[in-house]
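Q:
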Amino acid sequence: MKKFFSASLLAAGLALGSAAQAAPTLLNVSYDVMRDFYKDYNAAFQKHWKAEHNENITLQMSFGGSSKQARSVIDGLPADVITMNMATDINALADNGQLVPDNWVTRLPNNSAPFTSATVFIVRKGNPKALKDWPDLLKDGVQVIVPNPKTSGNGRYTYLSAWGYVLKNGGDENKAKDFVGKLFKQAPVLDTGGRAATTTFMTNQIGDVLVTFENEAEMIAREFGRDQFEVIYPSVSAEAEPPVSVVDKVVEKKGSRAAAEEYLKYLWSPEGQEIAANNYLRPRDPKVLAKYTDRFPKVDFLSVEKTFGDWRSVQKTHFNDGGSSTRSTPTPNDPSRVNEKSDPGGRFFYALPVRSKRAGRVEQRRRGHLMLLLQHRLGLDFDQPLGQGQAADDYPRRRRRLAGKALQQHRADMFLLVTGGFGDVDPQHHHIRHLAARRGQDACDIVEGLLGLLPQAGTDRPLLLIHPHLTGQQQASAAPHFHRLAETVLQRIEHTGWVERRLFHKVLPAH
C-alpha cells in the first residue's frame, strides 16, 4: 500500500511538474530605448497568448546598449528572442557561434523590422543655441549628448545620419569622416546606451542637445513634461529599422521555438502595430500609419543600404576595430580618469560583491569578477560628502584597503553591494566576467545584466541587494537619497520578478 501511494504521489508530482514546465517562459534581450514599448506590448501579447492557448506565458526582459546586449547573448545570455537596434547586432550572432542562421533577415516581413524610427535632436526649451541641423552641432561651445557607436545602435544611427548628411550635400568620404569626428568630439561623455544618454541630458542636465530616436522623445515627455524640451527634426536622418529574430540555438535547446516565433510575429498584427504607433514607433502597416500622421512628420530618410552598402559592409568599414568610428570617436569615459571638468555633476560609486564566509574558492573567484568601478548618473544631490569609511568588518583586509583607496581617489559617494544566487552559475557559459569587465558602464546596465543571469542561477528566489555603506548618522540623513536610488533602479529594470521590493526597505532605513 505504501509503495502504491508513493508511486501515485511520484506520478502525480511528475505530472504536475510536466504541466508546470509546459507554461512557456521567454527572455527578450532588447535595446535601451524600447522599455516603454515592450512594457505595453508584453501585456498585450500575454492576453493574446492566454486567449489562444489557455495558459499563461512569462516574458522576461533585458535592456541595454544594443551592441552590448548582442555581445551578452554571444557570451551566453540565453535569449529566446533578440530585438535589436540594427541588423549588425543580429549578424554578430550569426557570425559568432551560429546562434541564428545567415538568412535570419528573410524569415519575417520587412527585413524582419516591424517598425521604423527617425533620428531627432532634443534641445532645451526655447532652443537657446539655435540648433536646427547637423552643422549647428559643431558650433563652438555646443555639447552633444549621444551614445557611443561602439556599444549602441542609437549612436551608430547618429554616426550614419551625420555621415550621410555630408554625402547628400556634396561632400566626399574624407569630408564626412572629418565632420563625424568633430561631431563626436563635441560629446562630453559617451554613454553605453540611449536611455543612459537621456539620463545624462535630462536628469543630470549635461549638454545642449541629445541626439536620439523620436520614440525616446515621447518617453522624455511622459517622464519630465513637454515643457522641458523641444524636438528638432534634422534635414537628413538614416532610417532606423530595428530588426528582431528568434535565437535558434537557445529555442532549440529550451523547446521554446513555437512561443518565440509567435511572440515576434504578433509584432506585425494590427494590435502590435497600434502599440508601436502609440509609442511613437512608425508602424509598417499603412492603415495604422495613416491614423497617426499627426505624430509622424514627413522625414527625408536616408537608406542605409543604398548609401553605405549592406550591413556587413557597414559594420566592417565603420564599426569594427580599426573602422572609421574607431578613428572618429574618442575613447568612452573611464571612471578612473574622469574629472569634474570632463564630467560635471557625475557621481562615483564603488561596487563590491557581498562575501560569504562559507563560499568556496570558485564562488569567491566568480564574485571577484563582479568588482566594478562605475560612474552612476542618477543626479543624486547629496548635501555633504558621505565620508571615506572602511568597508564592512567581514571584508578581507585587502578589500578594505582597496575600498578606502577607491573612496579617496575616485570620490565615491557610497558602496553598492551586489549579491545573489551566483554560486551555481557557470562563468564559462554565462560570462559574469564579461558583464563585470565593461568599464564606464552605467550601474543600472550592470544590474540589468545580472538580472538576466539570475534566473539561470539555480535558485528559486535569487536576491539582489543595493546597500549603502554609511555610519549611523550619515545613514539617517541620506536615507531619502538611497530610497530614490532604489526606486530608480527598480523602475529601470521594470520591476522584474527577480527582485523583491521588500529587500530595499529591509536594507535601507525608512523615511
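Quick note, the sequence shown lines up with residues -22 to -1, 1 to 489 if you use mature numbering (1 follows the signal peptide of the UniProt record, and there is no 0).
Idealized CB from N, CA, C, for every residue including glycine.
1) Do the stretch 156 to 169 and the stretch 126 to 142 touch if we need at least three Cβ pairs shorter than 8 Å?
2) At what residues does the alpha helix (DSSP H) containing Asn6 begin and finish?
3) Taking Cβ to Cβ, would you say Leu77 is nearer than 8 Å to Leu86?
4) For Gln206, count neighbouring Cβ atoms within 10 angstroms of its own Cβ and tell me buried if that reaches 16, exposed if not.
5) Please report how far the alpha carbon of Asp118 lies from the alpha carbon of Arg235, in whole angstroms.
6) Please state whether the Cβ-Cβ distance between Phe98 and Thr190 is less than 8 Å.
7) Take Asn126 as the anchor and find which of Ala175, Leu145, Ser281 and Thr84 has the nearest alpha-carbon.
8) Tell me Glu239's beta-bridge partners as DSSP assigns them.
9) Curious, which full-length alpha helix (DSSP H) runs of at least 4 residues does the stretch 167 to 254 contain?
10) Taking the alpha-carbon positions, what's the Val11 to Gly172 distance?
11) Using the C-alpha atoms, what's the distance from Ile35 back to Gly436?
12) For Gln121 versus Ile210, is the C-beta distance shorter than 8 Å?
13) Going along the chain, which residues of its own chain have a beta-carbon closer than 6 Å to the beta-carbon of Glu33, five neighbours each way excluded?
14) According to the Cβ coordinates, are Ile100 and Ala195 closer than 8 Å?
15) Starting from Thr36 and walking both ways along the beta strand (DSSP E), at which residues does that stretch end?
16) Who pairs with Pro261 in a beta bridge, going by DSSP?
17) Check this for me: beta carbons of Phe93 and Arg200, under 8 Å apart or not?
18) Run through DSSP, which three-state label would Arg102 get?
19) Along the beta strand (DSSP E) that carries Val59, what are the first and last residues, could you check?
20) My understanding is that Leu4 touches Ala238, with C-beta atoms under 8 Å, so please give their C-beta distance in whole angstroms.
21) Pick out the complete alpha helix (DSSP H) segments inside the stretch 142 to 166, 4 residues or longer, and give them in chain order.
22) Say whether the stretch 19 to 28 touches the stretch 51 to 67, bearing in mind that this needs 3 or more beta-carbon pairs closer than 8 Å, one atom from each stretch.
23) Taking DSSP as the reference, what is the three-state secondary structure of Leu115?
24) Does the separation of the CB atoms of Leu55 and Gly142 fall below 8 Å?
25) Please state whether DSSP places Val277 in a helix, a strand or coil.
26) Distance, Cα to Cα, Thr177 vs Asn132?
27) Let's see if you can read the secondary structure: which residues bound the alpha helix (DSSP H) around Tyr16?
28) Kindly list the residues whose CB is nearer than 8 Å to the CB of Arg204, restricted to its own chain and excluding five residues on each side of it in sequence; keep chain order.
29) Residue range of the alpha helix (DSSP H) that Lys284 falls in?
30) Given this structure, state the Cα-to-Cα distance separating Arg13 from Ser40, to the nearest angstrom.
31) Among residues of its own chain, excluding the 5 on either side of Glu219, which ones have a beta-carbon nearer than 7 Å to its beta-carbon?
32) Less than 8 Å separating the beta-carbons of Val51 and Val83?
33) Which residue's Cα is closest to the Cα of Ala48: Lys107, Asp73 and Arg273?
34) Where does Val122 sit, in a helix, a strand or coil, going by DSSP?
35) I'd like the span of the alpha helix (DSSP H) that includes Arg49, first residue to last.
A: This is what the structure gives:
1) yes
2) Careful: Asn6 lies outside any alpha helix (DSSP H), inside the beta strand (DSSP E) at Thr3 to Ser8.
3) no
4) exposed
5) Pairing Asp118 with Arg235, the inter-Cα distance amounts to about 53 Å.
6) Per the sequence shown, residue 98 should be read as Val rather than Phe. Cβ distance < 8 Å, so Val98 and Thr190 count as in contact.
7) Ala175
8) None; Glu239 has no bridge partner.
9) 172 to 176, 192 to 202, 226 to 232 and 235 to 243
10) Spanning the alpha carbons of Val11 and Gly172 requires a straight line of approximately 6 Å.
11) Summary for Gly436: the model assigns pLDDT 34, below 50, so the residue's position carries little reliability, and this model does not support an answer.
12) No, they are not a contact pair.
13) Ala1
14) Using a Cβ distance threshold of 8 Å, Ile100 and Ala195 count as a contacting pair.
15) Thr36 to Ser40
16) Phe93
17) no
18) Looking at Arg102 - three-state DSSP - the assignment turns out to be strand.
19) Taken as a continuous stretch (DSSP letters only), the beta strand (DSSP E) holding Val59 covers Val59 to Thr61.
20) 6 Å
21) 151 to 163
22) no
23) helix
24) The Cβ atoms of Leu55 and Gly142 do not sit closer than 8 Å to each other.
25) coil
26) 14 Å
27) Looking at the DSSP string, the run of the alpha helix (DSSP H) that includes Tyr16 is Arg13 to His31.
28) none
29) Residues Val282 to Phe286.
30) 9 Å
31) Asn89, Ala91 and Thr94
32) Not in contact: Val51 and Val83 (Cβ atoms no closer than 8 Å).
33) Asp73
34) strand
35) Ser44 to Ile52
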